[in-house]
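Heads up, our numbering is the position in the sequence shown plus 334, with the first residue counted as 1.
Beta carbons are placed, not taken as given, at the ideal position from N, Cα and C, and that holds for glycine.
To keep things clear, I will list the structure first and then write my remarks on it.
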Amino acid sequence: MKDRKVFAAIPLVALLCTIFFAACADSHNDGIDLNRMPVLGQITPDLKSRATELRGRLVTDDSCYFAVNSDGSLSFHHGHSFVDGLAFEMTDAAAEAYAKDTLRELDLLPGGDYRIVIDRMESEIPAHGGSAENPVTLEISVTFIRTYKEIDVMCSDGNGIRLTICKDGMSNLQYLWRDLEIQEAASVKNPLSAEDAHRIYLDNWDTLHCDCCEPNMEPVIKQAYFQKAGIMHPAWVISDNDEYLNAIYIDMLTGEILYG
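Dropping the structure here:
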């Protein structure tokens, strides 16, 4: 779980956090299967055919925003959110159960393999009832990340579900859950090692980041499947810490920098 905190010296600004690059592969896996690759397809189910129904179930007043986008994804935002400064208490287990129940009621709870990440927006501002010693929760986000053999399956066009909870209930929903099929891949004998990927990371640091920071000589290095322009790539993901600061995605077969 990663906590986000709001400090008195920083104005409350909504963090528009993309769910698709926030995390990569789980560290407990046996490595990417280069002979069988997951391939992502269209967003499922067909939300365009359900747009009127879902609008009626989600939109409760004029403060709500609802859209089924051209790519088939769903965006929903309710007027109430953490910016109202209303603290509340909810355990991670309760947040996960709430998110699953909400998606189940909407017939949007995903099947297949996935993992869940819980992310909190916390405040130390006294007006919210918080302090440096005891920050309070203003918002909880529950992200569903699709996996294949315990490794995250990512996409440059988005793949996953993010549901955000505040004191008054669900405040945001971003739905981009895609079809997944497994395809046979050409046999590969010599994929890049983690050391090779780290070398590429260091060699390209100056073009990927500003001059104000130095590359991490001992970064976190993990694996993920990353689909870009319709092509799935086995990737090394290199970042500064477990929260994927300054993450760079590198093709495990070619050394191409896919994202960073």
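Sequence-distant Cβ neighbours of I479 in its own chain, meaning closer than 7 Å and more than five residues away, are A357, Y448, R449, V451, D486, G494. Going by DSSP, A429 is part of the alpha helix (DSSP H) stretching over 426-439. Beta-bridge annotation (DSSP): W570 is paired with Q557, I584. Going by beta carbons, L437 and R391 fall outside the 8 Å limit. Counting only unbroken stretches of 4 or more residues, the alpha helix (DSSP H) elements lying wholly within the stretch 503-556 are 528-537, 539-542, in sequence order. Judged by DSSP in its simplified three-state form, S397 adopts coil rather than helix or strand.
Here the alpha carbon of P372 sits roughly 44 Å from the alpha carbon of A466. Straight-line measurement puts the Cα of Y583 at about 11 Å from the Cα of Q561. One thing to note: V571 has its Cβ no nearer than 8 Å to the Cβ of A563. Between the C-alpha atoms of C500 and I474 there is a straight-line separation of about 7 Å.
For G494, the uninterrupted beta strand (DSSP E) run begins and ends at 494-500, by DSSP. The Cβ atoms of D540 and P553 lie no closer than 8 Å to each other. In this structure D502 touches H414 by the C-beta definition: roughly 4 Å separates them, less than 8 Å.
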